[in-house]
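A.B. asks: Below is one structure. I have some questions about it.
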Amino acid sequence: MESFILLFTNDKLLIFNFIIILLFIKSLSYIIPLIIAIAYLTLIERKIIGSIQKRKGPNIVGIFGLLQPIADGLKLLLKETSLPNSANIFIFIIAPILTFFLALCAWAIMPFNEINFYSNLNIGILYLLAISSLGVYGIIISGWASNSKYAFLGGLRSAAQIISYEVSIGLIIINVLLCSGTLNLKEIVLAQQNIWYIFPLFPLFLMFFISSLAETNRSPFDLPEAEAELVAGYNVEYSAMGFALFFLGEYTNIILISAVSTILFLAGWLPPFDIFLFNWIPNSIWFGFKTIIILVLFIWVRAAFPRYRYDQLIQLGWKIFLPLSLAWLMLTSGILLSYDGFPN
Amino acid sequence: MIKLVLFYFFSGLSLVSASIVISVKNPVFSVVFLILVFFNVVGLLLLLGAEFLSLLFLIVYVGAIAVLFLFVVMILNLKFIELRSSFFYYAFFGSLIMAIFLFEIFIILNSDLTFASSYFLERKRIWVQELYSYTNLQILGNVLYTSYSYLFILSGFVLLVAILGAIILTLYQRSQIRRQDPNVQVVRNFDDTIRFFKFLK
Numbered sequence: 008m009e010s011f012i013l014l015f016t017n018d019k020l021l022i023f024n025f026i027i028i029l030l031f032i033k034s035l036s037y038i039i040p041l042i043i044a045i046a047y048l049t050l051i052e053r054k055i056i057g058s059i060q061k062r063k064g065p066n067i068v069g070i071f072g073l074l075q076p077i078a079d080g081l082k083l084l085l086k087e088t089s090l091p092n093s094a095n096i097f098i099f100i101i102a103p104i105l106t107f108f109l110a111l112c113a114w115a116i117m118p119f120n121e122i123n124f125y126s127n128l129n130i131g132i133l134y135l136l137a138i139s140s141l142g143v144y145g146i147i148i149s150g151w152a153s154n155s156k157y158a159f160l161g162g163l164r165s166a167a168q169i170i171s172y173e174v175s176i177g178l179i180i181i182n183v184l185l186c187s188g189t190l191n192l193k194e195i196v197l198a199q200q201n202i203w204y205i206f207p208l209f210p211l212f213l214m215f216f217i218s219s220l221a222e223t224n225r226s227p228f229d230l231p232e233a234e235a236e237l238v239a240g241y242n243v244e245y246s247a248m249g250f251a252l253f254f255l256g257e258y259t260n261i262i263l264i265s266a267v268s269t270i271l272f273l274a275g276w277l278p279p280f281d282i283f284l285f286n287w288i289p290n291s292i293w294f295g296f297k298t299i300i301i302l303v304l305f306i307w308v309r310a311a312f313p314r315y316r317y318d319q320l321i322q323l324g325w326k327i328f329l330p331l332s333l334a335w336l337m338l339t340s341g342i343l344l345s346y347d348g349f350p351n
Numbered sequence: 185m186i187k188l189v190l191f192y193f194f195s196g197l198s199l200v201s202a203s204i205v206i207s208v209k210n211p212v213f214s215v216v217f218l219i220l221v222f223f224n225v226v227g228l229l230l231l232l233g234a235e236f237l238s239l240l241f242l243i244v245y246v247g248a249i250a251v252l253f254l255f256v257v258m259i260l261n262l263k264f265i266e267l268r269s270s271f272f273y274y275a276f277f278g279s280l281i282m283a284i285f286l287f288e289i290f291i292i293l294n295s296d297l298t299f300a301s302s303y304f305l306e307r308k309r310i311w312v313q314e315l316y317s318y319t320n321l322q323i324l325g326n327v328l329y330t331s332y333s334y335l336f337i338l339s340g341f342v343l344l345v346a347i348l349g350a351i352i353l354t355l356y357q358r359s360q361i362r363r364q365d366p367n368v369q370v371v372r373n374f375d376d377t378i379r380f381f382k383f384l385k
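So the sequence lines, in the order shown, correspond to chains C and P.
Counting from 8, one number per residue, gives the positions in the first sequence under this note's numbering.
Counting from 185, one number per residue, gives the positions in the second sequence under this note's numbering.
Right, here's the structure in full:
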């Protein structure tokens with residue numbers, strides 16, 4: 008792209024401006040579809056849960072309720088922003104912005120097909136882990152700054168939950184890295200050309216899925232927003248845009264983690280069989296299709312299972328998933344070692 | 185040029201926020217500024233080209249250790265510690281520790297980086313290839329798992345000792361506590377738990 012403009016001009020400032028504008032447009036082309044995807048994820052969630060519970064779901068605004076998310080978003084925009092009297096205003100305002108910003112940041116390395124990504128980082132997985140571990144701060148800080156008992160307890164719960172499940176997620180990811188031999192997301196997908204990792208590593212996929220439910224505070228692990236005890240958790244005191252940003256951040260993280268599990272286990276953009284008919288469908292559509300399957304699984308789990316108790320949740324994380332994923336790590340590396348299967 | 189500006193930006197901001205950490209009264213704010221220091225150090229490491237180390241630093245320090253700090257500070261609810269009474273109390277030991285660390289830094293700066301010599305002095309290395317074709321990760325792994333594998337395992341044992349210590353601290357349990365035992369709950373059945381009595385009139 009830089010060489011393209013070099014044909015026309017030699018002015019360094021002009022080239023610099025051109026690159027800046029290009030990057031801006033590129034990032035907008037990520038953010039806007041993402042926000043639309045979040046809006047319609049909420050709609051599909053309400054529709055699916057409605058049909059599971061034998062209701063219709065939202066069907067008044069627009070055809071089949073298709074304009075419902077837009078109406079919801081507008082409502083949140085127009086509402087009054089209220090700041091609690093005893094809150095720490097600066098941190099109170101920073102926290103939702105931080106949450107949404109970090110949720111968007113992680114998308115910078117997501118490859119949608121072989122040529123389509125914002126940046127192709129060599130240590131992509133590490134970047135993802137770093138960003139997701141930073142996401143805790145938005146929650147814990149908002150809980151503290153609200154100066155309310157409910158918000159504080161919700162924030163602490165949520166942070167403890169996210170930290171404990173991050174450990175097992177990291178260990179599960181190491182298994183995939185052992186098989187693929189790279190930290191680059193694109194090369195992880197290309198390493199799955201012969202077999203998707205979901206087949207040899209199916210138990211790990213299940214564990215990754217359950218851990219990601221806990222990581223994104225989804226039910227059955229939605230302890231932070233346990234309505235019965237904590238009202239709504241860390242975002243009790245937030246209204247209007249603050250709440251909307253938390254909401255957007257949460258759903259961005261859900262889509263992100265389903266995209267990541269698509270890349271790690273379901274071979275990203277690769278079609279299931281290497282035949283003409285499947286190759287004819289564009290690769291990024293395969294990617295979106297697989298991501299949507301996992302998203303629907305997320306919603307299905309929400310409609311089907313009751314909420315865990317908090318000590319059960321922590322026990323599941325530290326006493327069951329952590330030893331099990333460590334054992335799988337030993338097993339995977341042992342098998343790879345004995346059959347000389349380590350990638351070069 | 186941009187690198188120089190960024191270097192001054194990161195190092196200056198890290199110094200400023202490090203001084204805020206010890207001067208601000210609210211302990212939660214000082215932890216937040218500590219996180220800012222970590223961020224700036226990550227920026228400095230990125231400028232050096234050590235992207236793997238910088239991200240690892242971010243994950244370990246900011247993602248785990250600082251969160252625990254924040255946890256403890258928030259739960260203890262330490263409000264506004266009086267600064268002046270304790271400032272000169274710690275001055276002597278603080279300056280002593282600072283002197284020791286400064287001394288160590290000077291030792292490292294004066295030595296000629298001999299720790300890497302066995303790796304670099306090997307012959308038959310194609311330096312151009314090493315410079316441009318290996319990633320940060322490969323070079324680090326090459327050194328860590330071959331020349332320094334013993335030290336690597338040794339540091340693992342140090343961490344293991346720390347984990348064992350933490351577990352032993354929490355192992356103490358009071359007796360006579362009612363606990364939930366899933367096995368007992370599963371084994372319970374209708375005949376054992378509910379009995380019918382006949383009331384005689």
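Quick reminder that beta carbons are idealized off the backbone N, C-alpha and C, glycines included.
What number of angstroms, rounded off, separates the C-alpha of Ile249/P from the C-alpha of Gly69/C?
C.D. replies: As a working note, residue 249/P is residue 65 in the second sequence. As a working note, residue 69/C is residue 62 in the first sequence. Straight-line Cα distance between these residues: approximately 49 Å.
A.B. asks: Helix, strand or coil for Thr189/C? Go by DSSP, reduced to three states.
C.D. replies: The residue labelled residue 189/C in the question sits at position 182 within the first sequence. In this structure, Thr189/C counts as coil in the three-state DSSP scheme.
A.B. asks: Where Leu190/P and Asn154/C are concerned, what is the direct C-alpha to C-alpha distance, given to the nearest angstrom?
C.D. replies: Numbered from its first residue, the second sequence carries residue 190/P at position 6. Numbered from its first residue, the first sequence carries residue 154/C at position 147. Distance between the alpha carbons of Leu190/P and Asn154/C: 37 Å.
A.B. asks: CA-CA distance, Ile261/C and Ser58/C?
C.D. replies: To locate residue 261/C, count along the first sequence from 1; it is residue 254. To locate residue 58/C, count along the first sequence from 1; it is residue 51. So the two alpha carbons sit approximately 21 Å from each other.
A.B. asks: According to DSSP, is Ser265/C part of a helix, a strand, or is it coil?
C.D. replies: Reading the first sequence from its first residue, position 258 is the one you call residue 265/C. DSSP places Ser265/C in helix when its eight states are reduced to three.
A.B. asks: Are the C-beta atoms of Ser140/C and some chain P residue less than 9 Å apart?
C.D. replies: Walking along the first sequence from the start, residue 140/C turns up at place 133. Using a CB distance cut-off of 9 Å, Ser140/C counts as an interface residue toward chain P.
A.B. asks: Going by DSSP, what residue range makes up the alpha helix (DSSP H) through Leu50/C?
C.D. replies: Along the first sequence, one-based indexing puts residue 50/C at 43. Leu50/C -> alpha helix (DSSP H) spans 19-59.
A.B. asks: Whose C-beta lies closer than 6 Å to the C-beta of Thr339/C among residues of the same chain, with five residues either side of it excluded?
C.D. replies: Residue mapping note: residue 339/C aligns to position 332 of the first sequence, counting from 1. Sequence-distant partners of Thr339/C (beyond 5 residues in either direction) whose C-beta falls short of 6 Å from its own C-beta, in its chain, are Asn182, Leu185.
A.B. asks: Nearest by alpha-carbon distance to Leu135/C: which of Gln199/C, Ile43/C, Tyr144/C, Asn191/C is it?
C.D. replies: Residue mapping note: residue 135/C aligns to position 128 of the first sequence, counting from 1. Checked all of Gln199/C, Ile43/C, Tyr144/C, Asn191/C; the closest Cα to Leu135/C is Asn191/C.
A.B. asks: Against chain C, with Cβ distances strictly below 9 Å, would Lys276/P count as a contact?
C.D. replies: Residue 276/P sits at position 92 when you count from the first residue of the second sequence. For the sequence presented, residue 276/P should be read as Phe rather than Lys. Taking Cβ atoms only, chain C never reaches closer than 9 Å to Phe276/P, which makes this a no.
A.B. asks: For chain C, is any of its Cβ atoms less than 9 Å away from the one on Met258/P?
C.D. replies: Counted from its first residue, the second sequence places residue 258/P at position 74. So, interface residue.
A.B. asks: Please report the residue range of the alpha helix (DSSP H) in which Gly240/C lies.
C.D. replies: Within the first sequence, the letter at position 233 stands for residue 240/C. For Gly240/C, there is no enclosing alpha helix (DSSP H), since its DSSP letter is neither H nor E.
A.B. asks: Please state whether the Cβ-Cβ distance between Met296/C and Pro227/C is less than 9 Å.
C.D. replies: Here residue 296/C is taken as the residue at index 289 of the first sequence, counted from 1. Here residue 227/C is taken as the residue at index 220 of the first sequence, counted from 1. Per the sequence shown, residue 296/C should be read as Phe rather than Met. Not closer than 9 Å, so no.
A.B. asks: Scan the region 314-332 of chain P for residues whose Cβ lies nearer than 7 Å to a Cβ of chain C and list them as they occur along the chain.
C.D. replies: Thr319, Leu321
A.B. asks: Kindly indicate the opening and closing residues of the alpha helix (DSSP H) around Arg309/C.
C.D. replies: Counting from 1 along the first sequence, the entry for residue 309/C is found at position 302. Residues 290-311.
A.B. asks: If you run the structure through DSSP and keep just helix, strand and coil, what is Gln319/C?
C.D. replies: Taking the first residue of the first sequence as position 1, residue 319/C is located at position 312. Three-state DSSP puts Gln319/C in a helix.
A.B. asks: Please report whether the beta-carbon of Ile219/P lies at a distance below 9 Å from any beta-carbon of chain C.
C.D. replies: Indexing the second sequence from 1 puts residue 219/P at position 35. For Ile219/P, the answer is yes, since a Cβ of chain C falls inside 9 Å of its Cβ.
A.B. asks: Return the chain-ordered list of same chain residues with a C-beta closer than 7 Å to the C-beta of Ala274/C, the five sequence neighbours on each side being excluded.
C.D. replies: The residue labelled residue 274/C in the question sits at position 267 within the first sequence. Val196, Gln199, Trp203.
A.B. asks: Taking a Cβ distance cut-off of 8 Å, strictly less, list which residues of the region 227-248 of chain P are near chain C, in chain order.
C.D. replies: Glu235, Phe236, Leu239, Leu240, Leu242, Ile243, Val246, Gly247, Ala248
A.B. asks: The ligand NAD heavy atoms versus the CB of Val221/P: any closer than 8 Å?
C.D. replies: Of the ligands one can find in the structure shown there are none, so the ligand NAD has no counterpart to examine.
A.B. asks: Quick one: list the residues of chain P neighbouring Tyr134/C, beta-carbon separation under 7 Å, in chain order.
C.D. replies: If you number the first sequence from 1, residue 134/C lands on position 127. Simply Leu239.
A.B. asks: Can at least three beta-carbon pairs, one atom from the region 249-259 of chain C and one from the region 84-103 of chain C, be found at a separation below 8 Å?
C.D. replies: yes
A.B. asks: Should the region 319-338 of chain C be regarded as contacting the region 146-160 of chain C, the criterion being three or more beta carbon pairs within less than 8 Å?
C.D. replies: no
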